[in-house]
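Below is one structure, written out as structure tokens, with a few remarks after it.
Protein chains: 2
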Amino acid sequence: MTSAARARRVTIADVAREAQTSTASVSYALNGRPGISEATRERVLEVAARLGWSPASAARALAGAGADTIGLVLTKDPRDLSVEPFYMQFIAGVESALAVRSRGLLLEVAADADAEVEAIRRWRGSRRVDGVLLTDLRPHDQRIAVVREAGVPAVAVGDPSAAAGLTTVWTDDAAAMRQAVQHLAALGHRRITRVAAPRRYAYTAIRDDAFDQTARACGLDHDIVRSDLSEDAGAVATRAVLSSPRPPTGLIFDNDIMAVAALTTAHQRGLSVPGDVSIIAWDDSLLCRLVTPGLTALSHDVVALGAQAARRLLDVIDGAEPAVYQEATPMLQVRASTGPAPTEA
Amino acid sequence: MTSAARARRVTIADVAREAQTSTASVSYALNGRPGISEATRERVLEVAARLGWSPASAARALAGAGADTIGLVLTKDPRDLSVEPFYMQFIAGVESALAVRSRGLLLEVAADADAEVEAIRRWRGSRRVDGVLLTDLRPHDQRIAVVREAGVPAVAVGDPSAAAGLTTVWTDDAAAMRQAVQHLAALGHRRITRVAAPRRYAYTAIRDDAFDQTARACGLDHDIVRSDLSEDAGAVATRAVLSSPRPPTGLIFDNDIMAVAALTTAHQRGLSVPGDVSIIAWDDSLLCRLVTPGLTALSHDVVALGAQAARRLLDVIDGAEPAVYQEATPMLQVRASTGPAPTEA
DNA sequence: TTGTAAGCGTTATCAG
DNA sequence: CTGATAACGCTTACAA
């Protein structure tokens, strides 16, 4: 008949009483800290387990220990979020790294950059998180100033040039873009177009530059079309590009969704892929493998990226100095959507 | 030169001093509670804003108020998680509902059912969450006993028959399955197979039964093949089924991933879809639209489901009585992967 | 309407 | 090594 005890929670005071010692010793024992005899420690641990004690993280956080939680705020419309495989992969990676150190992940979807900053401020003020992960870096990102000023441990995911000295996890997008352009050049394409993400992302300029330079070096006609990352925008951009007087024979997209949309658009217009136009996607996901023809894509391990970012953040929380970690450069995964350039009419 | 003040955080005591009142009044003012004059309230609010005060949720939670956070624990291998569009859609929906009430989402990926229960216990003990969302209900789900016993507000997402009286958000999977079977029957199919999720999910038995009954009612040869929800397992199951002496001409899958895998498998074996075999997927996602031929699928709004679940959980946290909420029944979205049964050889 | 003070469950300091 | 005891920031009776 233990039902009477059900309502109250077990505290370290209970454990201390039962183990005939003080709360301080219990705290030491439970946190594996020195300054306590092995005998007491074992007794405390045994009693805690028997009583079913579990730490009240609120109290712990309040007393100055960590919250054992990191924060991730995504700036996306929820419905877009759900369609981008990237984020779920990233989150999955983060979780896998957090799980082994039993940390939690606090997730928030913000409507815009201001809401994002607001969330970070709120979190740090409320001691809910020990640190934050910053994705989708923007040029002159205000979040970086905020975390720095507020002293919030943070890791930026994106190009170091946009991270202003914060610990950074990045992939070499410029090198990846070079591969893509050179692949098309090697296949004999003379006119290529890049369908790019908005300028508000820091990586956009980097990919823009790499695209321009490599295309020029290869002596290709080249052009950049600005789009957003949605399916619709990808289709619209593709239609416009393919309707031009001398349409390009190679297209490079900034994500997989737009590339798939382009594939559909090309088919609708009776164009063959890769017979009439070759398509390259960025972010190789299930989608790229499953469509017909399979999409040649710049493939990288987003799950690993998320895991690495989370691990580095835990380091930073533990006091590590800022550092820059480069992940594997996205590799061009060649599939059926790229082929020899069509011979001129 | 405000740099000296940077380290300390602003507390209600600071606000009280500055506003020349007590911490109690500040608390009342900040929480919009009665028992304070309008004049002081405004003064407090103004001072709080000026000082940049933000609530310490740790302290708040410790003092007995809520944590303003709900928990969601997913039992999946992280890499599988990232491939299932369902979860990201669900999370996106949850976030959208939470955002309007400025609540956070604590996410955890558990390796197995025990880890899941452990997470819930830990959360409730640590006062990190005000309530939890339960997805992927299992028959006799231990989590239900746990939340009940621990008095954790919870909402189950799944069939009410598995939710044991908890507030539940569900879709009528039996009705959805009937549509799928009748669709195939109407197209003249005489032999159909269901490639099903593992029995550990509560919905599996419900879909099994509906499949059997409807197929029998329609006078069809029918069979159920057990699989897991992965791409590989879907391909394996499809190969096995199509190799049988008298293969079925219609296949119904329990998710979209397996259905897409089946499509690829059929093509590899030189079979036409829907010429030789018709395919129906569950959970209509981008994938189903984008593959060729497009997949006929049971389509439902998972984002809305997540939003509804989150809203109902907030109700429960606010003391609402248990209730059952039925969401729209998945609708059969007919695409090119289903067609008339092939004429017997 | 206001202010005082007692928790909430830990951690951390500092004498024994 | 051990045990009181004071924070931590907020909520909430209870007094004034």
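These protein sequences, in sequence, are chains A and B.
Going left to right, the first sequence walks through residues 1 to 345 as the numbering used here numbers them.
Going left to right, the second sequence walks through residues 1 to 345 as the numbering used here numbers them.
Yeah, the Cβ is synthetic: ideal placement off N, Cα and C, and Gly gets one too.
Given the structure is predicted, the values throughout are model-derived calculations rather than measurements.
Q. Should the stretch 132-141 of chain A be called in touch with the stretch 171-186 of chain A, which here means at least 3 C-beta pairs below 8 Å?
A. The stretch 132-141 of chain A, when compared against the stretch 171-186 of chain A, does not touch it at the 8 Å Cβ threshold.
Q.
Below 7 Å on C-beta distance, what does A:L81 contact in chain B?
A. M88, A92
(Q) Can you check whether the C-beta of A:S337 is within less than 7 Å of a C-beta belonging to chain B? (A) no
**Q.** 8 Å Cβ shell around B:I280 - same chain, five flanking residues per side excluded
**A.** A180, H183, L184, G250, L251, I252, F253, A259, L295, T296, A297, L298, L332, S337, T338
Q: Would you kindly work out how many angstroms separate the C-alpha atoms of B:S3 and B:G52, rounded to a whole number?
A: Low confidence applies to B:S3: its pLDDT is 33, below 50, so where it sits in the model is not reliable enough to give any reading.
(Q) Strictly by DSSP, which residues pair up with B:L348? (A) This structure gives no information on residue 348 of chain B, because the portion of chain B shown stretches from 1 to 345.
(Q) List, in chain order, every chain A residue whose beta-carbon is nearer than 9 Å to that of B:A59. (A) A58, A61, L62, S126, R127
Q.
Assuming A:R226 is part of the alpha helix (DSSP H), what are its boundary residues?
A. Here A:R226 belongs to no alpha helix (DSSP H); instead the beta strand (DSSP E) covers 221-226.
Q.
Quick check: B:G118 and B:V73, are their CB atoms within less than 7 Å of each other?
A. It should be noted that the sequence gives Glu, not Gly, for residue 118 of chain B. Cβ distance not < 7 Å, so B:E118 and B:V73 don't count as in contact.
Q: Go ahead and label A:R6 buried or exposed: buried means 16 or more other beta carbons lie within 10 angstroms of its beta carbon, across all protein chains shown.
A: For A:R6, the pLDDT reaches just 38, beneath the cut-off of 50, and the residue's location in the model is therefore unreliable, although a value from the coordinates is still provided. When all chains shown are included, A:R6 counts as exposed.
Q. So A:S230 and B:V303 are in contact, right, with Cβ under 8 Å, and what is the actual spacing, rounded?
A. Not confirmed; about 16 Å, so no contact.
Q) In chain order, what residues of the same chain lie with their CB nearer than 8 Å to the CB of B:W275, ignoring the 5 residues before and after it? A) Checking the sequence shown, residue 275 of chain B turns out to be Gly, not Trp. Within the same chain, and ignoring the five residues on either side of B:G275 in sequence, the residues whose Cβ sits closer than 8 Å to its Cβ are G339, P342.
Q.
Using a 10 Å radius around the Cβ and a threshold of 16 neighbouring Cβ atoms, would you call A:A19 buried or exposed?
A. buried
Q | C-alpha distance - A:D346 paired with B:D173, whole-angstrom precision | A | A query on residue 346 of chain A cannot be resolved here, the shown segment of chain A reaching from 1 to 345 and no further.
Q) Just how far apart, CA to CA, sit A:R312 and B:P322? A) 43 Å
Q. By how many angstroms is the C-alpha of B:G319 removed from the C-alpha of A:A59?
A. 25 Å
Q) Taking the DSSP output, what are the residues bridged to A:L134? A) Looking at the DSSP assignment, A:L134 forms a beta bridge with A:A156.
Q. Going along the chain, which residues of the stretch 151-166 of chain B sit with their C-beta nearer than 9 Å to a C-beta in chain A?
A. G151
Q.
Need the endpoints of the beta strand (DSSP E) that B:R194 sits in, please.
A. 191-196
Q: Let me know if A:H222 comes out buried or exposed under the rule of 16 or more other beta-carbons within 10 Å of its beta-carbon.
A: buried
Q) Quick one: complete alpha helix (DSSP H) runs, 4+ long, within the stretch 288-343 of chain A? A) 302-317
**Q.** Host beta strand (DSSP E) of B:T168 (start-end)
**A.** 167-170
Q. Would you report the Cα separation of A:T238 and B:Q326, rounded to the nearest angstrom?
A. 41 Å
Q. Any idea which residues DSSP pairs B:W282 with across the strands?
A. B:L298
Q. Considering only C-alpha positions, which residue in the set A:D159, A:S244, A:G104, A:S102 is nearest to A:V169?
A. Of A:D159, A:S244, A:G104, A:S102, the residue nearest in Cα terms is A:D159.
Q | Inter-residue Cα distance where the pair is B:P198 and B:R121 | A | Here the C-alpha atom of B:P198 lies approximately 26 Å from the C-alpha atom of B:R121.
(Q) Any beta carbon of chain A sitting closer than 7 Å to that of B:S244? (A) no
Q: Please name the residue, chosen from A:A49, A:A67, A:T69, A:D112, that lies closest to A:P78 on a Cα-to-Cα basis.
A: A:D112
Q) Any idea what DSSP makes of B:I144, helix, strand or coil? A) helix
Q) From A:C218, A:F211, A:G219, pick the residue whose C-alpha is nearest to that of A:V225; which is it? A) A:F211
**Q.** Nonlocal neighbours in the same chain, by C-beta distance under 8 Å from A:L166, ignoring five residues either side
**A.** L134, I144, V147, R148, A154, V155, A156, P322
Q. Counting contacts by CB-CB distance shorter than 7 Å, is A:S96 in contact with chain B?
A. yes
Q) Measuring CA to CA, which of A:R9, A:R41, A:V10 is closest to A:A24? A) Minimum Cα distance to A:A24 is reached at A:R41.
Q. Is the shortest distance between the beta-carbon of B:V15 and the beta-carbons of chain A less than 7 Å?
A. Interface criterion not met: the Cβ of B:V15 is under 7 Å from no Cβ in chain A.
Q: Using a Cβ cut-off of 7 Å, pull out every chain A residue sitting near B:R122, in sequence order please.
A: Taking the beta carbon of B:R122 as reference, the chain A residues within 7 Å of it are S54, listed in sequence order.
Q. Residues of chain A with CB under 8 Å from B:G104, in chain order?
A. L106, L107, E108, R128
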